[in-house]
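A short worksheet on the structure shown next.
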Amino acid sequence: MTPDEFAERFNRLRSWEDRYRYLIQLGRKLEPYPEEFRDQEHLVPGCLSQVWLVTTEGSDPSEMVFRGDSDAHIVKGLVAILLMLYSGKTAEEIISTDLQGFFEGLDLGQHLSVNRRNGFYSMTLKIREHAAQAMTAS
Amino acid sequence: MPITSPRLDRTALRAQFPALAQEVGGHPLVYLDNAATSQKPQYVLDALTAYYEHDNANVHRGIHELSRRATVAFEGARVKLAKFIGAADSAELVWTRGTTEAINLVASSWGMDTLGEGDEILLSSLEHHSNIVPWQLVARRTGARIRYIEMDEQGRLILDDLPELLTDRTRMVAVSHISNALGTVNPIREITEQAKKVGALVLVDGAQAVPHRRVDVQELGCDFYAFSGHKMCGPTGSGGLWGRRSLLESMPPYQGGGEMIRTVGREESTWAEIPHKFEAGTPNIAGAIALGAAADFLDEVGFDRIAEHERELLSYALERLDDLGGIRVYGPTDLDERSGVISFTMGDAHPHDISTILDSRGIAIRAGHHCAQLVMQHFGISATARASFYLYNSTDDVDRLIEGLASVKEIFGPA
């Protein structure tokens, strides 16, 4: 599923209950997070819930592949969206992705706003940070 | 605006809190995050505005009418709050930004002056971080050691351990009156009695107690008592530290500045009398005055009535949660041992999920570790969802909470 396909499906759902249910399903379908990276180093701290993130090698070395997880299901669904947007992209593509624009196009309302207290927001920063590092390194 | 006989009519009482009369996401707001902060009645908001509109001036300084009025109101509020917590002498009440600053004041002033290598500070694993971290900071600098009273499986302190934990090196016992994370009411009198036997001082974190029940610092037998204004219908940034006169007099100042000095020389200065010695700089004058109004408001409603009401809500909510099923409630099962705080988890749904779904229905609760990570570790969890009640909540609010939780259950499906 592409991010645009996701946005279309999500925005078609009328009630919040259905949207949350959809996000939770999305999270449940996420590829299992590699347990060896479930540690302090890969923990993205948040006040409410925890998010783990690891960067792995893609088949194409110019691509950055991310794996992520959260102990909260709705956040895990949001992690799935982020991976949809960023994983398998080059550092240049990641930096130039208009995340805010994408989320503005989603009818997330106030409930799922990118709150800087949750691990989700920190995760977007982490991904961009990794991409920026990859760009300086190359 | 006068307080309109709130004890007669709960709807009238609720109507005095403007923030409660709003919709969130198309639903009437249900505010169940009172352990974090309470809403403010119009009576308190009016006191804040009236001060700025009519009496705004710096206190204890000017010889002009406004300064006189501000000083009278500011010191009048101190007398009011001192009486509110059962202090014998209003000079024993120091205004602070809240509980956190009050504890930091004692840890820093008394702790740095008194503690040495090998001295012991006894805390409990039930504490809010604000009654742990200030002591860790002072322990690191003085070489003092921190020990903990542990809790049982219901989140009650194990007092049987006290004789072993209290030694001739114990200098301070710092415990909460009521736990913010579980609602456990701690037997402070028993703790102070035992602490006295080894000559230790006792500081009580009263942030969750003063808003909900009649507190009498003398009856408790403690040496310091810290509380916050914002959880008891007062403004943010207001609160106080009560301490025994002899202790406060013997302690060095906490911060330096105006207001707290008697004389200032090039090398040395002398300090003002208590409580002013601990109140450097222009204080939160409006906050203190409005906190006085909050105390009047709570007195008018009456603590007997507040406590009874909260207990009814707690009992009703626990019953309905039990009927709903699939919910684990933490904390004491005996209602006499807990206050109107319900900390819970719900199967597969993370507390963050629960609060997100409730928020979309206009219901405000708290999710997280509640600044009490030691409590979470005790129960082997990372977070709980917490609903906490106050005088303006109703059984309708509880019903809305239960409907919301039923929706969470439905969204998550069978585990």
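Quick mapping for you: the protein sequence lines, in order, are chains G and Z.
Going by our numbering, the first residue of the first sequence is number 1, and it counts up by one from there.
Going by our numbering, the first residue of the second sequence is number 1, and it counts up by one from there.
Quick reminder that beta carbons are idealized off the backbone N, C-alpha and C, glycines included.
Please list the partners that residue i has in chain Z, where partner means a Cβ-to-Cβ separation under 8 Å.
i	result
G:S122	Result: empty, since nearest Cβ-Cβ is about 14 Å, beyond 8 Å.
G:H73	D348, A349, H350, D353, F412
G:I24	D353, I411, F412
Hey, would you say residue i sits closer than 9 Å to residue j, going by beta carbons?
i	j	result
G:P34	G:R67	yes
Z:V133	Z:L115	no
Z:G206	Z:S179	no
Z:I191	Z:V202	yes
Z:A372	Z:H128	yes
Z:E92	Z:W242	yes
Z:L29	Z:G347	no
Z:G98	Z:H212	no
Z:L122	Z:I85	no
Z:F278	Z:V94	yes
Z:L126	Z:A200	no
Z:E312	Z:S339	no
G:A91	G:S59	no
Z:S382	Z:H369	yes
Z:T167	Z:A195	no
Z:L81	Z:A307	no
For residue i, which residues in chain Z fall below 7 Å Cβ to Cβ?
i	result
G:W16	S360
Using a Cβ cut-off of 7 Å, pull out every chain G residue sitting near residue i, in sequence order please.
i	result
Z:A367	L48
Z:I357	Y20
Z:S382	Q50, D71
Z:S407	E17
Could you name the residues of the same chain whose beta carbon sits closer than 7 Å to that of residue i, not counting the 5 residues immediately before and after it, in chain order?
i	result
G:I74	Y20, L23, I24
G:Q50	L43, S70, D71, G119
Z:R320	V398, I402
Z:G281	G257, G258, E259
Z:M1	Only weak support is given to the placement of Z:M1: the predicted model assigns it a pLDDT of 45, under 50, and the question is left unresolved by the model.
Z:R400	V30, I363
Z:L8	With a pLDDT of 47 at Z:L8, under the threshold of 50, the modelled position of this residue cannot be trusted; read the value that follows with caution. Counting only Cβ-Cβ distances below 7 Å, and skipping sequence neighbours, we find nothing.
Z:G165	Reading off the sequence, residue 165 of chain Z comes out as Leu, not Gly. Correct list, in chain order: L122, R147, I149.
Z:T333	Q154
Z:Q218	G86, A88
Z:R450	Outside the displayed range of chain Z (1 to 415) lies residue 450 of chain Z, so it cannot be described from this structure.
Could you pull out every residue in the same chain whose Cβ sits closer than 8 Å to the Cβ of residue i, ignoring the five residues on either side in sequence?
i	result
Z:T4	Any reading at Z:T4 needs caution, since the residue's pLDDT is 49, under 50, leaving its predicted position unreliable; the model's value is listed next. If we look at Z:T4 and ignore the five residues flanking it on each side, its Cβ neighbours are A12, Q16.
Z:I354	M346, I365, A367, A385, L405, V408
Z:E193	G221
Z:Y316	T395, V398
Can you tell me which of the options puts its alpha carbon nearest to the alpha carbon of residue i?
i	options	result
Z:R78	Z:S246, Z:A317, Z:L358, Z:S238	Z:S238
Z:S388	Z:L165, Z:E65, Z:Q208	Z:Q208
G:S96	G:S15, G:W16, G:M135, G:L48	G:M135
Z:V51	Z:Q39, Z:A73, Z:Q42, Z:Y31	Sequence check: residue 51 of chain Z is Tyr here, not Val. Considering only alpha carbons, the answer is Z:A73.
Z:T96	Z:V264, Z:F227, Z:K409, Z:L324	Z:F227
Z:G287	Z:V44, Z:I411, Z:I188, Z:S315	Z:V44
G:Q123	G:E36, G:T90, G:L53, G:D98	Residue identity check: residue 123 of chain G is Met in the sequence provided, not Gln. Ranking the options by Cα distance to G:M123, first place goes to G:L53.
Z:M172	Z:R147, Z:T49, Z:V217, Z:E337	Z:R147
Z:V204	Z:G183, Z:K196, Z:S176	Z:S176
Z:T433	Z:P332, Z:V210, Z:T71, Z:L248	With chain Z represented from 1 up to 415, any question about residue 433 of chain Z goes unanswered, as that position is not in the structure.
Z:G118	Z:L374, Z:L48, Z:D161, Z:R145	Z:R145
G:R14	G:R128, G:K126, G:D107, G:I127	G:D107
Z:A87	Z:G240, Z:F297, Z:T263, Z:I285	Z:G240
Z:E101	Z:Y225, Z:M151, Z:D299, Z:H27	Z:Y225
Z:M232	Z:V59, Z:Y390, Z:A19	Z:Y390
Z:G234	Z:P275, Z:E267, Z:D161, Z:I285	Z:I285
G:Y86	G:E104, G:G105, G:L48, G:L125	G:L125
Z:V375	Z:G302, Z:Y330, Z:S108, Z:P351	Z:Y330
Z:R214	Z:R189, Z:R69, Z:G265, Z:L298	Z:L298
Z:Q136	Z:A107, Z:D160, Z:L159, Z:D161	Z:A107
Z:V185	Z:A290, Z:L335, Z:E410	Z:L335
Z:R10	Z:R305, Z:R328, Z:A174, Z:H378	Z:R305
Z:R141	Z:L162, Z:D113, Z:L157, Z:M151	Z:D113
Z:P252	Z:L66, Z:L105, Z:I188, Z:D33	Z:L105
Which residues in the same chain as residue i place their Cβ atom closer than 6 Å to its Cβ, once the five residues preceding and following it in sequence are excluded?
i	result
Z:F412	D348, A349
G:L80	According to the sequence provided, residue 80 of chain G is Ala. The question's Leu does not apply to it. Excluding sequence neighbours, G:A80 sits near L26, G27, L30.
Z:G111	V138
Z:D216	G86
Z:A174	L123, N131, L203
Check your understanding: Where are the alpha helix (DSSP H) runs, 4 residues long or more, that stay fully inside the segment 82-132 of chain Z, in chain order?
Key -> Qualifying alpha helix (DSSP H) stretches, in chain order: 99-105.
Review point. Can you list, in chain order, the stretches of the alpha helix (DSSP H) that have 4 or more residues and sit fully within the segment 142-194 of chain Z?
Key: Within the segment 142-194 of chain Z, the complete alpha helix (DSSP H) runs of at least 4 residues are 162-165.
**Study point:** Any beta strand (DSSP E) of 3 or more consecutive residues that is wholly inside the segment 241-297 of chain Z
**Key:** If we require 3 residues or more, the beta strand (DSSP E) runs fully inside the segment 241-297 of chain Z come out as 261-264, 269-271.
**Study point:** Within the segment 343-399 of chain Z, ranges of the alpha helix (DSSP H) (whole runs, at least 4 residues)
**Key:** Secondary structure remark: continuous alpha helix (DSSP H) runs of at least 4 residues inside the segment 343-399 of chain Z, in chain order: 351-359, 373-379.
Practice item. Would you list, in sequence order, the uninterrupted alpha helix (DSSP H) runs of no fewer than 4 residues that lie entirely inside the segment 30-104 of chain G? Key: Scanning the segment 30-104 of chain G from its first residue to its last, the whole alpha helix (DSSP H) runs of 4-plus residues come out as 73-86, 91-96.
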